[in-house]
Structures are given as C-alpha cells and as structure tokens.
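Which chain is which? The protein sequence lines are A and B, in order.
The C-terminal position of the first sequence is numbered 155 in numbering that gives the first Met the number 0, with every residue numbered one higher than the one before it.
The C-terminal position of the second sequence is numbered 674 in numbering that gives the first Met the number 0, with every residue numbered one higher than the one before it.
We put the CB at the ideal spot given by N, CA and C, even for glycine.
Here the structure is a predicted model, which means the values were calculated and not measured.
Since the structure comes first, as structure tokens, the remarks are kept for the end.
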Amino acid sequence: MVQKEQTKVSLGRLITPSRVLVADEYPGKKELIEALVRAVCRDYPQLDPAYVASQVLKREEGISTTLDTGLAIPHARLEELTDFAAAVAVLRRPLVAGENELPIRVMFLFLSPAKPTFFQQHLQILSALAETFKPEFIEELVSLKDAQEIAARLAR
Amino acid sequence: MKNVSEPSAGSSRVKKVVVLTTAMLTFIPFWKAAAVVLCDFGSSAFYAGGIAMRAFGPAFPWYILAVMLFSGLLLMLELEACSLFVRGGAYKIVREGLGDTAAKLAASALIFDFILTGPISAVTAGHYLCGLINSFLEMVHLGFELPVSVVSVAFGMLVTLYFWRQNVKGIEESSSKSAKIIAFSLAVCFLLAIWSFITIALKGAHLPPTHLNFAPEALGWAGHIDWLQTIGLVGMLMAFGHSVLALSGIETLSQVYREIEYPKAINLKKAAWLIFGFALLFTGGLTFLSAVIIPPDLIATKYNDNLLSGLAMSLAGPNILKLLMQAMIVVCGVAMLSGAVNTSLIGSNALMNRIAEDGILTDWFRKIHRRYGTSYHIIHLIAAVQLVVILFSRGNVYLLGEAYAFGVMWCFVFEVSAIIRLRWKKAAQKRDFMFPLNIKYENYYIPVGLILLCGALLAVALVNLTTKQVATVAGLGFTAFLFAVFSLSERLNAKRANTMFEEGYRERINAETVDDLKDAFAELDRPHRVLVAVKDPENLYHLEEVLSTVNADDTDVIVLYCKPVENVLYRQDMRSAAVDEQEVFTAVIFMAEKYGLPVTPVLVHSNDAYYAIAQAAAVADADEVVMGVSGRYGANPQIERAVMTWGAVKDHELKHPVTLRILWEGREVSYRFTR
C-alpha cells in the first residue's frame with residue numbers, strides 16, 4: 000500500500016547527546032555499529048544489544064547502506080520496538096570498511112518497529128536522512144566540537 | 000580496513016550514457032503492416048495468372064480466385080502462429096512443434112522459394128517494363144521492338160544488384176514507402192476495374208470457362224498415369240497446384256508481426272483482413288477481369304508474361320489513354336515486384352540468420368560486415384544464386400513459375416503440422432487467435448480445422464510433386480543440398496564446440512553514446528514517463544506488468560539497464576555478474592514487440608545501479624520508477640536502498656509525486672515521493 004510522505008523527520012526527537020558518538024577514527028564498521036547499538040539500547044531495556052547488533056549486521060550483509068555522500072544508515076526492523084530509535088556517529092576521519100566500500104563520515108544507526116504499518120514511515124525516514132545528510136551538512140557536523148553541539152545541530 | 004582522507008560525493012554517479020536504438024522499437028499501424036505484406040504478396044498478381052493460363056488454359060481465373068480465398072485460411076494459420084509469439088517465423092514454429100530436423104527441412108524448402116521469388120519478381124518487372132516500351136514503340140510506328148528476354152534479364156539483374164547492395168548496407172524496408180505503393184496500386188486497381196466494367200458493358204463478355212486444358216509439360220509425371228486423369232478432383236488439385244504461386248509472399252506477415260503496434264492481436268487481425276481483401280480484389284479480381292476482357296489467344300501469345308498490361312491494352316478507348324493506363328500498371332508493378340525482390344533477400348537472409356543463431360551454420364556465414372554490421376556473406380550468397388537463376392531462366396517467367404511453390408507448400412505443411420502439435424505441447428499457452436473449428440476436450444482444443452487444412456495442403460503439395468517437375472527436381476535437389484549443408488556445418492560446429500553459437504537470438508542494436516542523461520531523453524514528448532530498471536533478461540515480470548497496463552498514448556516507457564563498472568558498492572565487484580547488454584535488450588525488445596509498445600532503451604555505466612536509476616528518473620522527470628525483485632536481496636532491502644539513494648540524489652522539490660514500485664509475481668512494494 001502506498002502511503003504519502005507526511006513530515007520531515009525530526010532528528011531532535013531521535014537523537015539526544017547520549018546517542019551521539021564522536022571519534023577521530025574507528026577501527027571498523029562492525030565495531031562502530033555495535034557501539035551505536037549499545038548507545039540506543041541503554042534507553043530501551045527491552046532490547047538485547049547483541050541481538051539488535053546481529054540484526055543490523057545481517058541487514059548489512061545485503062545491499063549496502065552506505066551512500067556516496069559519506070553517510071551510512073545501518074538499520075533493522077525489530078519486533079520489540081513500538082517507535083523509531085536511532086544513534087549517530089560522526090568521524091573526523093573517514094572509515095573505509097573494505098576495498099569495494101565507500102568511505103563513511105557519518106553513521107546513522109536507525110531502528111524501526113517491524114510492524115508493516117510502520118514500513119512506509121521507515122522508508123520516508125531513510126529517504127529524508129539521505130536527503131538531509133548531504134556532504135556540506137556532514138562537513139558541518141564533523142567540524143562541530145562535541146556530542147552536545149552535534150545533537151543541538153541535528154535538533155535544529 | 001582503511002581510513003581515507005575524503006569521501007567523494009558523486010563517485011557512484013553515472014559515468015556514461017548510451018542510448019540504444021533499433022528499427023524494431025518503432026511500431027507501425029496495421030494498415031502499414033498490411034502494406035508491407037501486400038508489396039510482396041500482392042505482386043503475384045502480375046505473373047500468377049499468366050503462368051496458370053499457360054499451365055492449364057482459360058479456366059485460370061477461377062483457380063487464382065480460389066487460391067486467393069484459400070489465402071484467407073493461410074492468413075488465419077499465420078494468426079495462430081503469431082499468437083504463439085515464437086520469434087523467428089515458420090522455422091522457429093516448426094522447430095518448437097516438430098523438432099530440429101523438420102525445422103531444417105522446412106527452412107531449406109522455404110529458402111528455395113525465397114530465392115526464386117526474387118528472380119520471378121525481377122524478371123516479371125522487366126517484362127512489364129519492356130512491354131510498355133514496346134507498346135509505345137508500336138504506337139509511334141518505329142518498326143522495331145526490344146527483345147523481351149534480354150530486357151527482362153538485364154532489368155532483373157539490375158534490380159537484384161540494387162537490392163543486394165541495399166541489403167549489404169543494411170538499409171531497412173520503409174513501411175511508409177510500402178503504404179504509398181499500395182495506395183497507388185489501389186488507385187490503379189480501382190481505375191482499371193471501373194474501366195474494365197465499362198469495357199464489358201460496351202463490348203459484352205462471357206465468364207471464363209471452367210474446363211481444364213493442361214499443357215503437356217504442366218501434367219508432369221502425372222501425364223503418364225492414365226487413371227489419375229480420370230479423377231476430376233485430381234485435375235482440380237493439379238490446377239490449384241499450378242496457381243498456388245499466387246500465394247508468394249504471404250509468409251511475410253510473420254516477419255512483420257513483430258512491428259505491429261498495440262493492441263497487437265487486434266491489429267494483426269485487422270492487417271490480415273486488409274491483406275485478404277486487397278489480395279482478393281487485386282490479384283483475384285484483376286486476374287478475373289483480364290481473363291474476361293483479353294482474348295484468350297492474346298493472353299497465350301502476347302500477354303502471357305505481362306497479363307495486367309494486356310488488360311490495359313484490351314480496354315475500350317483511345318490508344319493513348321490505354322498506354323497511359325499501361326504505364327500506371329507498369330509503375331505499380333515495377334514498384335511492387337521490386338519490393339518483392341527486396342523482401343526475398345531480407346526474408347532469406349533473416350531465415351539463414353535464425354538458422355545460424357541455432358549453431359547450424361559455421362562462422363563464415365555469420366560474418367558481420369565491418370562497416371554496416373550486416374551478415375554480408377549470406378546476402379552475397381543469396382544474391383549470387385538469384386543472379387544465376389535469372390541468367391539461366393533467360394527471362395522465362397513460366398519456367399520460374401513452374402519451379403516455384405515447392406518450398407511454400409511444404410513449408411506450410413510443416414508449419415500447420417507444427418501448430419497442430421503445439422496445441423498439445425503448449426496447451427496451456429494463451430492464444431489470442433485460434434484457427435477455427437475446434438472441439439474442446441478436457442484442457443485441449445482438438446484442431447479439426449487445422450487438420451483439414453493440413454490435409455488440403457498435403458494433397459496439393461503431393462499433387463505438385465507429380466505435376467510440377469521443375470519444382471520437384473529443383474526443389475528436392477536444393478532442399479537436400481541445403482539440408483546437407485546445414486547438417487554438415489552443425490556437426491562441424493559441434494566438434495569445434497564453438498562458443499560463438501550460444502543458444503538464442505540477439506537483437507542487432509545500434510548504440511549511440513550521448514554526453515549526459517538529458518540527451519538520452521530529449522526526444523520523449525509524452526506528458527508522463529515510466530522508468531523501468533532491468534537487469535536480468537530472465538526477470539522482466541515488472542516490465543511486462545508495465546507494458547500490459549500502461550497508457551501508451553500519454554506515457555513514455557524508458558527501460559534502463561545499468562552496466563556495472565569498477566569500484567562498486569556491493570560486497571563484490573558486480574562486473575562479474577554483468578549480463579551482456581545485447582541479451583538484456585534483446586529480451587526487452589522482444590517484450591516491447593509482444594505488446595506493440597515503443598520503449599526507449601538506455602544503457603548507463605555506473606558503479607551503483609540505484610544511483611543510476613535515481614539520477615535517470617530525476618533527469619527524465621519520471622512519474623513512476625519500476626524495478627524487478629532481486630532474488631538475492633529481496634524487495635524490502637531493495638526499496639530501502641532505492642529511497643536512500645533517491646534522497647541522496649535529490650536536489651530540488653519534486654514537480655509531481657513519483658512512485659517507486661518493486662514488482663514480482665502478483666506482489667508489489669511501493670513508496671510514493673511527494674515533495
């Protein structure tokens with residue numbers, strides 16, 4: 000069923016300073032995803048970080064979620080969730096996970112409820128994230144001092 | 000793992016755009032399709048009557064008329080054959096239904112007739128032209144006339160050489176030109192008929208006799224079998240057999256079918272009706288009027304090889320007007336007959352190519368011309384044989400006519416048998432048309448009508464074997480020779496395990512590289528656009544869905560194939576999985592032809608198909624983007640990736656909503672971008 004896009008996604012609602020990770024560089028994509036999963040799961044006791052990470056990594060085995068703008072949106076749809084959840088990592092130096100992988104400057108972990116009624120909104124948010132995190136915006140985020148500033152910028 | 004200095008936005012974007020074109024992507028209305036067939040099929044009006052007259056006497060118009068009525072049945076046979084959509088005409092149909100050996104035999108026989116169609120048409124055109132010049136010379140009392148045999152042979156060779164060159168260059172037949180020729184022929188036919196009726200009213204006339212008076216050579220071996228001559232039906236079959244050359248060119252319908260526009264099945268039926276009506280009036284009607292108006296002795300002596308010119312010159316009225324009428328007939332005849340020469344070259348070349356694609360002919364035959372991209376060795380061969388036949392005929396149309404019809408009849412026998420067999424073999428396949436007279440039994444339609452037709456064809460073909468000695472000896476000899484060549488080269492190919500001969504037809508596609516995507520869509524002018532992304536020639540369900548539902552009047556269909564280049568985003572280099580674009584677009588064009596809808600095929604080189612699709616859709620201002628499901632990833636990850644890419648590529652507000660759809664067997668996942 001086709002559902003219309005309704006509003007622009009509110010990043011401020013999804014991202015709080017505790018869900019922002021800032022690093023100069025990161026050892027690997029898998030580790031970065033796990034770190035972001037842990038950051039989300041702190042606010043969702045019903046979620047098992049290992050299970051969530053496995054679901055996200057399973058999805059990553061399929062079609063890449065990295066865009067050529069430097070944004071990666073690893074994501075998963077989870078039965079345990081009734082609302083959207085997210086965490087973001089901003090890297091000062093791009094991460095390249097493999098020979099055929101694009102470099103990542105910002106990783107936006109995005110978790111959605113698995114119920115089919117959320118799927119259209121899930122797609123809407125994915126599209127909106129890709130539209131928002133253009134190279135200029137990513138540059139701006141990278142230049143910000145800390146998680147507080149990044150969260151504030153995302154909330155704007 | 001490594002960290003690099005900067006990600007490069009746009010690195011995944013489209014690298015190169017290639018617009019693919021093929022003549023087959025423009026579809027023609029039914030009347031143009033009918034015109035193409037009639038340029039060949041209708042041309043037999045210029046020689047069939049004269050040949051039949053010489054074979055069995057003044058009863059010939061009844062039999063030409065009967066053959067024209069019979070052509071209605073054969074057109075219905077072609078309708079069912081086309082509705083099976085087995086590409087490649089009679090050869091492929093026979094192959095599907097009866098197997099390789101029967102197909103090779105049918106093809107060998109058909110090529111024999113294709114090769115003869117050229118000379119018979121070219122030489123007849125020469126006769127008509129020479130007849131006109133001689134009529135003029137007679138009128139101005141110059142006291143000499145041109146030698147008909149020399150002129151007809153010379154003209155025949157010139158026409159053949161001209162079309163040989165055109166075919167080597169790959170210049171396609173123009174359906175518009177055919178339509179103009181047929182429109183002119185119709186006007187001439189109308190004028191001639193009116194004038195003929197006036198002549199009949201003024202001079203009076205009798206219906207042609209029905210008794211048969213066979214020339215000794217027209218009886219062939221049957222002349223030595225006394226008891227055969229006592230059976231009236233056999234005599235009628237013999238006469239019918241000597242008239243079936245009027246069917247020459249009817250098989251062109253299966254070649255034109257792929258070009259007919261949507262709604263294909265309905266338009267094909269309309270084309271068949273038009274062909275039938277025109278052939279009945281033009282070939283049947285004019286032959287009949289000729290027999291009524293021209294004195295039989297003049298047909299036998301002067302107008303045997305240019306019957307319709309004889310009709311013009313036997314009309315009531317001043318000589319100058321009659322000469323003008325004859326000139327109009329000659330213009331129309333030369334145009335149609337020359338068209339038939341061209342069709343014979345195209346038809347035999349296409350047939351040889353289909354056979355070559357099945358691995359039956361060696362590399363030498365398939366060699367492509369470096370400049371024109373045509374299978375020039377085959378064209379050279381056919382043209383050379385046709386030139387030799389013209390020379391050996393010494394301009395004798397009757398001899399050529401006697402040799403003709405072996406292949407057509409036997410090919411029809413094979414084709415109808417194959418279609419009968421396919422009623423069982425492909426019982427579940429939907430047919431837009433079925434030859435009439437069927438009895439439904441469980442899931443099958445028992446083809447009573449087809450069986451009767453097969454019986455009739457077989458009877459005529461067998462009778463022809465005994466009466467048409469030239470056709471039997473030459474036809475059997477040529478068919479056996481060609482069949483031996485096919486079998487031998489097939490064995491040679493098998494031994495060499497030649498990888499060139501992969502199964503399947505490949506569309507010849509012209510590719511034009513353009514600077515950017517905008518240029519690729521510059522010629523699209525309909526208000527709506529659907530972009531269909533294709534990847535796997537075996538997975539075009541989504542394209543078929545689009546083609547079966549789209550409103551072609553207001554929507555352009557763009558078919559995009561993204562050829563992977565280096566530095567891809569996937570876990571492995573997708574170049575290894577890249578399918579040959581010719582294979583993809585051959586399947587696309589095949590489907591477009593099936594629905595008779597034009598599509599714009601575009602090939603882009605990109606390291607990410609999703610970027611290429613999003614960019615192309617944005618530039619094309621598409622209202623809808625349709626993708627097939629990936630068996631490897633599934634629809635949800637695909638649509639997720641597609642919407643992400645769309646967001647990354649989007650740089651302005653949308654002018655109208657865009658719907659993204661992923662389709663697979665009876666299911667769909669979609670998303671609508673509204674801003």
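Beta-carbon contacts of residue i that lie in its chain and below 6 angstroms, excluding the five residues immediately before and after
i                 : result
Gly9 of chain B   : Note that Gly9 of chain B has pLDDT 48, beneath the 50 cutoff, so the model's placement of it is unreliable and no number is given.
Val412 of chain B : Leu456, Leu457 and Ala460
Asn497 of chain B : Caution is warranted here: a pLDDT of 46 is assigned to Asn497 of chain B, below 50, making its placement in the model unreliable, and the coordinate value is therefore given only provisionally. Contacts found: none.
His121 of chain A : Ser111
Met106 of chain A : Leu31, Ala71 and Ala88
Thr599 of chain B : Ile557
Thr64 of chain A  : Ala71, Ile72 and Pro73
Val150 of chain B : Gly125 and Cys129
Ala154 of chain A : Gly11
Pro536 of chain B : Glu582, Val583 and Ala586
Glu502 of chain B : Bear in mind that the predicted position of Glu502 of chain B carries a pLDDT of just 48, short of 50, making it unreliable; the figure below should be weighed with that in mind. If we look at Glu502 of chain B and ignore the five residues flanking it on each side, it has no Cβ neighbours.
Close-in-space but distant-in-sequence residues of the same chain around residue i (CB under 7 angstroms, 5 per side omitted)
i                 : result
Val85 of chain B  : Lys91, Ile92 and Glu95
Gly400 of chain B : Tyr46, Ile50, Ile119 and Leu244
Cys188 of chain B : Leu280, Phe281 and Leu285
Leu140 of chain A : Val89, Val105, Ile149 and Arg152
Leu145 of chain B : Cys129, Ile132 and Asn133
Thr25 of chain B  : Pro597
Trp106 of chain B : It is worth fixing the name first, because residue 106 of chain B is Ala in this sequence and not Trp. Around Ala106 of chain B: Tyr90, Leu350 and Ile354.
Gly69 of chain A  : Pro93, Pro102, Ile103, Arg104, Val105, Pro134 and Ile137
Leu753 of chain B : The structure shown does not extend to residue 753 of chain B, since chain B is modelled only from 0 to 674, so the question has no answer here.
Gly169 of chain B : Tyr371, Gly372 and Thr373
Ile197 of chain B : Ala315
Expected contact under 8 angstroms - CB spacing of residue i and residue j to nearest Å
i                 : j                 : result
Leu64 of chain B  : Gly358 of chain B : No, Leu64 of chain B and Gly358 of chain B are not in contact; Cβ-Cβ is about 44 angstroms, not under 8 angstroms.
Lys649 of chain B : Phe432 of chain B : At roughly 48 angstroms, the Cβ-Cβ gap does not stay under 8 angstroms, so Lys649 of chain B and Phe432 of chain B are not in contact.
Ile450 of chain B : Ile419 of chain B : 6 angstroms
Met675 of chain B : Leu516 of chain B : Given a span of 0 to 674 for chain B in the structure shown, any question on residue 675 of chain B remains unanswerable.
Leu46 of chain A  : Glu79 of chain A  : 6 angstroms
Val624 of chain B : Val668 of chain B : Contact doesn't hold; Cβ gap of about 12 angstroms is too wide.
Val529 of chain B : Ala621 of chain B : 6 angstroms
Met138 of chain B : Leu322 of chain B : 6 angstroms
Ile27 of chain B  : Ile259 of chain B : 6 angstroms
Top-ranked residue by Cα proximity to residue i, from the options
i                 : options                                   : result
Val152 of chain B : B:Val388, B:Lys366 and B:Leu322           : B:Val388
Leu66 of chain A  : A:Glu100, A:Ser142, A:Lys144 and A:Tyr25  : A:Glu100
Gly276 of chain B : B:Trp423, B:Phe391 and B:Leu37            : B:Leu37
Ile588 of chain B : B:Leu83, B:Arg257, B:His241 and B:Asp99   : B:Arg257
Val167 of chain B : B:Ile381, B:Val657, B:Ser669 and B:Leu398 : B:Ile381
Leu546 of chain B : B:Val147, B:Glu582, B:Glu592 and B:Ala470 : B:Glu592
Ile274 of chain B : B:Val628, B:Ser70, B:Glu537 and B:Pro526  : B:Ser70
Glu664 of chain B : B:Ser195, B:Met626, B:Gly248 and B:Phe143 : B:Met626
Phe672 of chain B : B:Leu323, B:Ile638 and B:Leu73            : B:Ile638
Pro446 of chain B : B:Val462, B:Gly240, B:Trp423 and B:Asn463 : B:Trp423
Lys144 of chain A : A:Val55, A:Arg91 and A:Phe132             : A:Arg91
Leu677 of chain B : B:Ile224, B:Gly41, B:Leu236 and B:Ala427  : This structure gives no information on residue 677 of chain B, because the portion of chain B shown stretches from 0 to 674.
Val642 of chain B : B:Ala521, B:Asp552, B:Leu659 and B:His651 : B:Leu659
Same chain, Cβ closer than 8 angstroms to residue i, neighbours up to 5 away in sequence not counted
i                 : result
Asp518 of chain B : Val16 and Val18
Ile293 of chain B : Tyr302, Leu306, Gly309, Leu310 and Ser313
Pro435 of chain B : Met75 and Gly448
Met499 of chain B : Any reading at Met499 of chain B must be qualified, since the residue scores a pLDDT of 43, below 50, and its modelled position is unreliable; no value is offered.
Ala290 of chain B : Gly48, Met52, Pro57, Phe59, Pro60, Pro207 and Ile298
Ile180 of chain B : Ala34, Cys38, Cys331, Ala334, Met335 and Gly338
Tyr569 of chain B : At Tyr569 of chain B, the pLDDT of 43 sits below 50, so the modelled position is not reliable and the matter cannot be decided from this model.
Cβ-heavy atom distance, residue i to the ligand NAD, below 7 angstroms
i                 : result
Gly358 of chain B : Looking for the ligand NAD in the displayed structure turns up nothing, as the structure carries no ligands at all.
- Continuous alpha helix (DSSP H) assignments of at least 4 residues falling wholly in the stretch 62 to 119 of chain B: 88 to 97
- Message: Using 8 angstroms as the cut-off, can you tell me whether the stretch 24 to 39 of chain A makes contact with the stretch 79 to 97 of chain A, which would need three or more C-beta pairs spanning the two stretches below that distance?
- Response: These segments touch.
- Message: Ignoring anything shorter than 4 residues, give me the alpha helix (DSSP H) runs that lie fully in the stretch 317 to 343 of chain B, in order along the chain.
- Response: Listed in chain order, nothing qualifies, since the stretch 317 to 343 of chain B has no complete alpha helix (DSSP H) run of 4 or more residues.
- Check whether the stretch 463 to 477 of chain B touches the stretch 108 to 117 of chain B, counting contact only when three or more Cβ pairs, one atom from each stretch, lie closer than 8 angstroms. yes
- Every unbroken beta strand (DSSP E) inside the stretch 536 to 615 of chain B [3 residues or more]: 554 to 563 and 599 to 605
- Item | Those runs of the alpha helix (DSSP H) which lie wholly inside the stretch 135 to 208 of chain B and span at least 4 residues | 147 to 168 and 174 to 202
- Enumerated in chain order, which unbroken segments of the beta strand (DSSP E) with a length of 3 residues or greater are wholly contained in the stretch 360 to 443 of chain B? You should have 437 to 440.
- Do the stretch 123 to 138 of chain A and the stretch 635 to 650 of chain B meet, that is, are 3 or more Cβ pairs less than 8 angstroms apart? yes
- Task: Please confirm if the stretch 373 to 391 of chain B is in contact with the stretch 206 to 220 of chain B, defined as three or more CB-CB distances below 8 angstroms between the two stretches.
- Result: No contact exists between the stretch 373 to 391 of chain B and the stretch 206 to 220 of chain B.
- Item | Complete alpha helix (DSSP H) runs within the stretch 246 to 325 of chain B (minimum length 4 residues, chain order) | Listed in chain order, the complete alpha helix (DSSP H) runs (minimum 4 residues) inside the stretch 246 to 325 of chain B are 251 to 255, 263 to 278, 285 to 292, 295 to 300 and 306 to 312.
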